[in-house]
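> Position 539, counted from 1, in the sequence shown is what the UniProt record's numbering calls 539; the numbers after and before it change by one each time, with no gaps.
A virtual CB, placed ideally from N, CA and C, is assigned to each residue, including glycine.
Predicted model only: the values in this text are computed from it and were never measured.
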Amino acid sequence: MNFLRRFHDIVSNQALDFESKINKLLIFGLKVFDLELGIVSKVDENSYIVLHAITPDNSLLPGTVFDLQGTYCVHTLGAGSALAFHKASQSAIANHPCYINFQLESYIGAPIKIGDKVFGTVNFSSAKDSLAFNDDAYDYIELFAQWLGSEFARSQTKEQLIKNSNTLLKLESVANIGTWEVDLIENKIYWSEQTKRIHQVSSDYQPVMEGALEFYKEGTSRESISQAVKNATEKGDKWNLDLQIVTAKNEILWISTFGEAEFDGGRCIRLFGTFQDVTESMLLREELKQKQAQAERLLEDRSMLLAKISHELRTPLNGITGMLTTLIDEHSEEVRAEKIKVALRSADILLSIINEVLDFSKINHGELKLEPTDFLLKTIFTDLTSLYTPLFKNTHVSLKVENTIDDTFWAFSDNTRLSQITSNLLSNALKFTENGSVLLKTSIEHAKKSPSLNIEVSDTGRGMSKGFLESLFSPFSQEVDAKNSKGGTGLGLAIVKELVEYMGGTIKVKSTPNEGTTFLLNIPIESGKEQKQDSLITNQDTDGSELSVLVVDDNDINRLVLHASLGKLNIKADSAVDGQDAILKCQQKHYDLIFMDCIMPILDGFEATKQLRADNTCPKQETYIVAITANTSSQDKLACKQAGMDMFISKPFKLPTLEKAVINALEHNQSSANV
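Pasting the structure below:
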């Protein structure tokens, strides 16, 4: 029993590590068996790997590998239990490679097992003969093998736990997920490293029961986690919540917390769960919600726009079709003239609605472009005064104008947009004023950096409530206050605001119910260069009968309208239905003036013009080509110029514009004749 006591003393010595214990047990085994070699090995398929060895000259080093078939241990593994023999030279294994190579006469060994699997062997051997091994020897080698198997299993388990722990830490870090545990028996809280990182506390921070929930943001988040903990400890309910915390560094984060309870005999003894930083995903989710809400608003706006446009288009269309229909059987010239005026006015309203919709679409898609030119600034407001004065004639409202802009002030800006802004404000003022006056006041403010234009449009009309003012510049704002609505798309003021701000200006409004409204605009204006002014077209009849004219358009009605308008100028024009047809016509006959539609099938107006210019069929000095198209952007105008066109007219056109083109062609024809 002495070897058992000695064995116990070695393996229970807490001062020794695993390696030292194995060495001492091997040395003790050599004394017990009176042998020379002691080996602990690992078997890997057909390889015999030395892990620990005690030899007389220490010549056998750990890591040495032998062929398993060349060792006595192959028989031990075959037996599956302790095996021993002596006098090998006189036994059946005298021809074994181990004896032939090492002359080992005596051997005792046992397999080391971890569970049901063989790990290796522990064995003792010697070149000298020994006495036969007794039962105690077998017991010792089996005990030694069992202890080794147990220790190796524990070591593997420890290594695997460490590996799993490291893997878990990496996964926690990558996924930003930490773990936590609350021991309700010991009143202790455990946080993993990742949980501490999320809370932005130091690695040695120890959370306490009293302040465990104080990291949760005060209000809904703290109330929700408190209720969840209560339900878990009392009822066993699990929780999975997205809440906000305030970290130790006072940063607000969104976290996803999962928790559940463990009970023992009906008593809650532990809470445990996970803790994940989901700030990025929550912010993304919130952004997606906002985008979805924005998309829904846009869809609602679009539906409202379509409904509104559909309604508003019917009025001018009804005016046009109604008046034209009644003209068929009307014989009174005076009545006919009056009905034609109504139809034309309806057409102007229709065009205005279409332009508003197009402008609104450009603004929504970020396609709004300014087209600045040099012009006399005062003339815009002089022209608008002339245009609006007749509209006030048959009302109880007077138009007052204070235009103090210098007659010689040239500006470089978008005169069309300035006119559109002012016109829209004047129209609204007249629309919502039954009695009193409308004032248009304009002036130039000379600041240090650059001049700016002040525009004031005020009226004595019905005014607006505070609630209506708040949504005044939003599309369809007329829907807010039914009593202020008098038709229209509801886009006008929204477009005005966008235009003013796009031009770098500001717009303010003051209004008092039943007293009136004042719009105050300030728009930066760049000084322009003086330009040679074209002579104005007079009311004298223009005679273009000497010109040879070609109308190119794929639309029958467009050609008919253009022919009728040219007839007013004593022009009988030829027709072409597309660009290719136009080229054929020009090859057969010379034309002084060509009205060229841009968008046509087979060959469009751009390519047709390029070919006519390139092959000298219609040289620039002999043929004046006018683009006439519904596309009116600056890019379209530039494309027309690059194609070789001389003038640009947008559809729908008016007779004075057409007359201007004819006058230009007459002057061009005269210049060519004088060369």
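So, under 8 Å CB-CB, Ile525 and Ser672 are touching, yes? Tell me the CB distance rounded to an integer number of Å.
Against the sequence shown, residue 525 aligns to sequence position 525. Against the sequence shown, residue 672 aligns to sequence position 672. That belief does not hold up - the Cβ atoms of Ile525 and Ser672 are roughly 40 Å apart, past 8 Å.
> So, helix, strand or coil for Gln14, using DSSP?
Numbered from its first residue, the sequence shown carries residue 14 at position 14. Coil.
> Any idea which residues DSSP pairs Arg270 with across the strands?
Along the sequence shown, read from residue 1 onward, the residue named residue 270 stands at position 270. Paired residue(s): Asp183 and Glu262.
> Indicate whether the contact test is met: 3 or more Cβ pairs, each with one atom in the region 590-606 and one in the region 624-642, closer than 8 Å.
The region 590-606, when compared against the region 624-642, does touch it at the 8 Å Cβ threshold.
> In chain order, what residues of the same chain have a beta carbon less than 6 Å from the beta carbon of Leu370, not counting five sequence neighbours either side?
Translated into positions along the sequence shown, residue 370 becomes position 370. Result list for Leu370: Asp414, in chain order.
> Nearest to Gly259 by CA position, among Thr233, Ile245, Val246 and Asp277, is which residue?
Taking the sequence shown and counting its residues from 1, one reaches residue 259 at position 259. The residue with the shortest Cα to Cα distance from Gly259 is Thr233.
> Go ahead and label Tyr72 buried or exposed: buried means 16 or more other beta carbons lie within 10 angstroms of its beta carbon, across all protein chains shown.
Counting from 1 along the sequence shown, the entry for residue 72 is found at position 72. Buried: at least 16 other Cβ atoms inside 10 Å.
> Specify the secondary structure class of Phe28 as computed by DSSP and reduced to three states.
Residue 28 sits at position 28 when you count from the first residue of the sequence shown. Helix.
> In chain order, which continuous runs of the beta strand (DSSP E) of length 3 or greater are located wholly inside the UniProt domain "Response regulatory" (548-666)?
Taking only runs of at least 3 residues, the beta strand (DSSP E) segments lying wholly in the UniProt domain "Response regulatory" (548-666) are 549-552, 574-576, 593-596, 624-629 and 647-650.
> Tell me the residue span of the beta strand (DSSP E) that contains Lys113.
Counted from its first residue, the sequence shown places residue 113 at position 113. Counting along the chain, the beta strand (DSSP E) containing Lys113 begins and ends at Ser106 to Ile114.
> Take the Cβ of His86 as the centre, count every other Cβ of all protein chains shown within 10 Å, and call the residue buried at 16 or more, exposed below.
As a first step, residue 86 is located in the sequence shown; it is residue number 86 there, counting from the start. Under this definition His86 is a buried residue.
> Is His52 helix, strand or coil when you go by DSSP?
Taking the sequence shown and counting its residues from 1, the one referred to as residue 52 is at position 52. His52: strand per DSSP, three-state reduction.
> Compare the beta carbon distance of Val43 and Thr121 with 8 Å and say whether it is the shorter of the two.
Along the sequence shown, read from residue 1 onward, the residue named residue 43 stands at position 43. Along the sequence shown, read from residue 1 onward, the residue named residue 121 stands at position 121. A contact, by the Cβ cut-off of 8 Å.
> One question on the structure: do residue 701 and Ser437 come within less than 8 Å of each other, judged by their Cβ atoms?
Outside the shown range of the chain, which is 1 to 675, sits residue 701, and nothing can be said about it.
> Within the continuous alpha helix (DSSP H) that includes Gly78, where are the two ends?
Indexing the sequence shown from 1 puts residue 78 at position 78. Taken as a continuous stretch (DSSP letters only), the alpha helix (DSSP H) holding Gly78 covers Cys73 to Ala79.
> Go ahead and label Leu25 buried or exposed: buried means 16 or more other beta carbons lie within 10 angstroms of its beta carbon, across all protein chains shown.
Position 25 of the sequence shown, counting from 1, holds the residue named residue 25. So Leu25 ends up on the buried side.
> Which residues mark the beginning and the end of the alpha helix (DSSP H) in which Thr195 is found?
Residue mapping note: residue 195 aligns to position 195 of the sequence shown, counting from 1. Glu193 to His199 is the extent of the alpha helix (DSSP H) around Thr195.
> Buried or exposed for Tyr140, please, with buried defined as at least 16 other CB atoms from any protein chain shown within 10 angstroms of its CB.
Here residue 140 refers to the residue found at position 140 when the sequence shown is read from its first residue. Classification of Tyr140: buried, given that the 10 Å Cβ count is 16 or more.
> Which first and last residues belong to the alpha helix (DSSP H) in which Lys378 is found?
Translated into positions along the sequence shown, residue 378 becomes position 378. That run of the alpha helix (DSSP H) goes Leu377 to Phe392.
> Taking a contact to mean a Cβ-Cβ separation below 8 Å, would you say Asn403 touches Phe381 in this structure?
Here the question's residue 403 lines up with position 403 in the sequence shown. Here the question's residue 381 lines up with position 381 in the sequence shown. Yes, these two residues count as a Cβ contact at 8 Å.
> According to DSSP, is Ala84 helix, strand or coil?
Here residue 84 is taken as the residue at index 84 of the sequence shown, counted from 1. Ala84 falls in the strand class under three-state DSSP.
> Can you tell me the Cβ-Cβ gap for Lys341 and Leu327, rounded? I've got them flagged as a contact below 8 Å.
The sequence position of residue 341 within the sequence shown is 341, counting from 1. The sequence position of residue 327 within the sequence shown is 327, counting from 1. Between Leu327 and Lys341 the Cβ distance is about 12 Å, and since that is not below 8 Å, they are no contact.
> What separation, rounded to the nearest whole angstrom, lies between the Cα atoms of Lys393 and Leu387?
Looking up residue 393 in the sequence shown gives position 393. Looking up residue 387 in the sequence shown gives position 387. Their Cα atoms are separated by approximately 12 Å.
> Under 8 Å: do the region 442-459 and the region 405-412 share three or more Cβ pairs, one atom per stretch?
In short, these stretches touch, since the Cβ pair count reaches three.
> Report the rounded CA-to-CA distance for Ile279 versus Gly505, giving the unit in angstroms.
Here residue 279 refers to the residue found at position 279 of the sequence shown. Here residue 505 refers to the residue found at position 505 of the sequence shown. Note on identity: in this sequence residue 279 is Thr, with Ile being the wrong assignment. Cα to Cα, the separation comes out at about 39 Å.
> How is Ser256 classed by DSSP in three states: helix, strand or coil?
As a working mapping, residue 256 is identified with position 256 in the sequence shown. Of the three classes helix, strand and coil, the one that applies to Ser256 here is strand, per DSSP.
> Please report the straight-line C-alpha distance between residue 731 and Ala137, rounded to a whole angstrom.
Limits of the chain in this structure are 1 at one end and 675 at the other, which puts residue 731 out of reach.
> Leaving out five residues before and five after Phe28 in sequence, what residues of the same chain have Cβ atoms less than 8 Å from its Cβ?
Here the question's residue 28 lines up with position 28 in the sequence shown. The residues are Phe3, Arg6, Phe7 and Ile10.
> Okay, do the region 63-77 and the region 146-155 touch, 3+ Cβ pairs below 8 Å being the bar?
Contact fails: fewer than three Cβ-Cβ distances are below 8 Å.
> Are Asp459 and Ala494 close, meaning C-beta to C-beta below 8 Å?
Here residue 459 is taken as the residue at index 459 of the sequence shown, counted from 1. Here residue 494 is taken as the residue at index 494 of the sequence shown, counted from 1. Not closer than 8 Å, so no.
> For Glu181, which option in Gly273, Asn123 and Lys449 has the closest C-alpha, if you only look at C-alpha atoms?
The residue you call residue 181 lines up with position 181 of the sequence shown. Glu181 has its Cα closest to that of Gly273, out of Gly273, Asn123 and Lys449.
> Taking buried to mean at least 16 other C-beta atoms within 10 Å of its own C-beta, is Ser361 buried or exposed?
Residue 361 sits at position 361 when you count from the first residue of the sequence shown. Exposed, since its Cβ has fewer than 16 Cβ neighbours within 10 Å.
> So the alpha helix (DSSP H) Val496 belongs to, where does it begin and stop?
Here the question's residue 496 lines up with position 496 in the sequence shown. That run of the alpha helix (DSSP H) goes Gly492 to Tyr502.
> Taking DSSP as the reference, what is the three-state secondary structure of Pro316?
Your numbering for residue 316 matches position 316 in the sequence shown. Pro316: helix per DSSP, three-state reduction.
> Among Tyr205, Ile225 and Asp204, which residue has its Cα nearest to the Cα of Glu214?
Indexing the sequence shown from 1 puts residue 214 at position 214. Taking only the C-alpha atoms, the option nearest Glu214 is Ile225.
> Apply the 10 Å Cβ neighbour rule to His446 and answer buried if 16 or more other Cβ atoms are within range, or exposed otherwise.
Taking the first residue of the sequence shown as position 1, residue 446 is located at position 446. Exposed.
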